[in-house]
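Engineer:
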Amino acid sequence: REKQGPKKGLIWHFQGSGKSWLMVFAAQKLRLQNELHAPTVVIVDDRIDLEDQITGDFTRAEIPNIESAKTKEELMAFFKQDQRKILITTIFKFGDVEGVLNERDNIILLVDEAHRTQEKDLGQKMRNALPNAFFFGLTGTPINKRDKNTFQAFGADEDMETGGYISKYTFQNSVEDGATLELNFQTVPVEMRLNEEQLQEEFDELTDQISEAEKGELVKRTSVEAFFTAEKRINDVARYIVNHFKTNVEPSGMKAQVVVFN
């Protein structure tokens with residue numbers, strides 16, 4: 071694709087399946103392609119800890135010609151000097167960049183966690199700074215919403231037949247390869263009975279001064295929260311968790327994690 075295809079692509083690989091190592095090996099392989107005429111490869115993260123992590127992966131793999139841009143000035147200097155190396159940085163360094171940094175067409179960006187920070191100013195400034203570059207987004211959780219759309223930012227029309235992805239590695243693929251543990255779940259047997267007629271009457275009484283649109287928004291915002299935070303339900307779920315832990319987890323010496331609504 072770097073040789074003749076569209077200048078972007080979306081890579082969906084399930085969490086924990088090795089996106090960091092994919093970037094390590096892809097970056098090195100791209101650098102070794104003679105047809106690309108000594109390309110620059112840019113690894114873009116959105117957190118300092120991820121930047122440190124991926125830098126460590128490249129170092130452990132003994133990949134040569136690695137540079138880091140810790141400041142906007144270092145980022146600008148790297149491109150103004152037209153360096154042909156692998157650069158690791160965060161997208162926030164592009165935030166204060168105005169105008170074009172480099173117009174070369176063999177600059178390839180691998181954007182980690184591509185479902186974040188791409189739709190607004192930061193993503194646009196990065197594209198403005200490198201107008202002829204290739205942009206490949208990697209994510210374990212692609213988003214397809216009106217105000218946040220990973221497919222619009224990175225998906226290519228040529229990939230629509232495959233769901234909008236240039237590469238897709240699903241949860242099931244990861245389980246089959248032994249990279250991810252299988253996910254098993256069971257429904258907690260906690261029942262809640264609601265008197266819908268009484269509930270509707272009380273709701274209508276409380277909301278008789280607002281519009282239908284406002285009522286709909288109120289229902290959307292409050293119904294789920296009211297259900298999950300009901301005192302009886304919390305007590306029933308807590309009791310179930312305690313019994314389940316003592317019976318199924320504690321005897322094995324293992325640990326457990328509780329995830330809640332808020």
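For the sequence shown, the residue numbers in my numbering are 71 to 332. From the three backbone atoms N, C-alpha and C, an ideal C-beta is built for every residue, glycine too. From a predicted model like this one, the values you see are computed outputs, not experimental measurements.
Considering Leu-180, what are the terminal residues of the beta strand (DSSP E) in which it resides?
Structural biologist: Within the sequence shown, the letter at position 110 stands for residue 180. Taken as a continuous stretch (DSSP letters only), the beta strand (DSSP E) holding Leu-180 covers 177-181.
Engineer: Skipping 5 residues on each side, what residues in its chain have a beta carbon closer than 8 Å to that of Val-114?
Structural biologist: As a working mapping, residue 114 is identified with position 44 in the sequence shown. Excluding residues within five positions, the ones whose Cβ falls inside 8 Å are Thr-159, Thr-160, Ile-161, Leu-179, Leu-180, Val-181, Asp-182, Met-196.
Engineer: Report the rounded CA-to-CA distance for Gln-188 versus Thr-209, giving the unit in angstroms.
Structural biologist: Reading the sequence shown from its first residue, position 118 is the one you call residue 188. Reading the sequence shown from its first residue, position 139 is the one you call residue 209. The alpha-carbon atoms of Gln-188 and Thr-209 are separated by roughly 12 Å.
Engineer: Would you check if the distance between the CB atom of Ala-131 and the CB atom of Val-94 is smaller than 7 Å?
Structural biologist: Working through the sequence shown from its first residue, we reach residue 131 at position 61. Working through the sequence shown from its first residue, we reach residue 94 at position 24. Result yes, Cβ atoms of Ala-131 and Val-94 sit closer than 7 Å.
Engineer: Quick check: the stretch 105-112 against the stretch 121-135, are there 3 or more CB pairs under 8 Å?
Structural biologist: no
Engineer: How many whole angstroms separate the CB atoms of Asn-172 and Leu-200, which I take to be in contact at a CB cut-off of 8 Å?
Structural biologist: Locating residue 172 in the sequence shown gives position 102, where the first residue counts as 1. Locating residue 200 in the sequence shown gives position 130, where the first residue counts as 1. Confirmed, Cβ separation roughly 6 Å.
Engineer: Considering only C-alpha positions, which residue in the set Glu-143, Asn-214, Val-260, Lys-238 is nearest to Gln-85?
Structural biologist: Start at 1 with the first residue of the sequence shown, and residue 85 comes out as number 15. Comparing Cα positions, the closest option is Lys-238.
Engineer: From Leu-102, Lys-140, Gly-234, pick the residue whose C-alpha is nearest to that of Asp-119; which is it?
Structural biologist: Numbered from 1 along the sequence shown, position 49 holds the residue referred to as residue 119. It is Lys-140.
Engineer: Nearest-angstrom Cα distance between Thr-211 and Asn-243?
Structural biologist: By 1-based counting over the sequence shown, the position of residue 211 is 141. By 1-based counting over the sequence shown, the position of residue 243 is 173. Going by the C-alpha atoms only, they are around 15 Å apart.
Engineer: Give me the Cβ distance between Ile-236 and Leu-80, rounded to the nearest whole Å; I'm assuming they're in contact under 8 Å.
Structural biologist: The residue labelled residue 236 in the question sits at position 166 within the sequence shown. The residue labelled residue 80 in the question sits at position 10 within the sequence shown. That pair is a contact at about 6 Å.
Engineer: Is it the case that the Cβ atoms of Pro-76 and Glu-301 are separated by a distance below 7 Å?
Structural biologist: Counting from one through the sequence shown, the residue named residue 76 turns up at place 6. Counting from one through the sequence shown, the residue named residue 301 turns up at place 231. For Pro-76 and Glu-301, no; Cβs fall outside 7 Å.
Engineer: Report, in whole angstroms, the separation of the C-beta atoms of Ile-156 and Ala-96, which I expect to be a contact under 8 Å.
Structural biologist: Counting from one through the sequence shown, the residue named residue 156 turns up at place 86. Counting from one through the sequence shown, the residue named residue 96 turns up at place 26. Not quite, the Cβ-Cβ distance comes to about 11 Å (not below 8 Å), so this is no contact.
Engineer: Given that a residue counts as buried once 16 or more other Cβ atoms are within 10 Å of its Cβ, and exposed if not, what is Thr-129?
Structural biologist: Numbered from 1 along the sequence shown, position 59 holds the residue referred to as residue 129. Thr-129 is exposed by the Cβ-count criterion.
Engineer: What are the boundary residues of the beta strand (DSSP E) that Thr-62 is part of?
Structural biologist: There is simply no residue 62 to check, as the chain begins at 71 and stops at 332 in what is shown.
Engineer: When the distance is taken between beta carbons, is Phe-298 closer than 7 Å to Phe-331?
Structural biologist: Start at 1 with the first residue of the sequence shown, and residue 331 comes out as number 261. Start at 1 with the first residue of the sequence shown, and residue 298 comes out as number 228. Yes, the pair counts as a contact, with Cβ atoms nearer than the cut-off.
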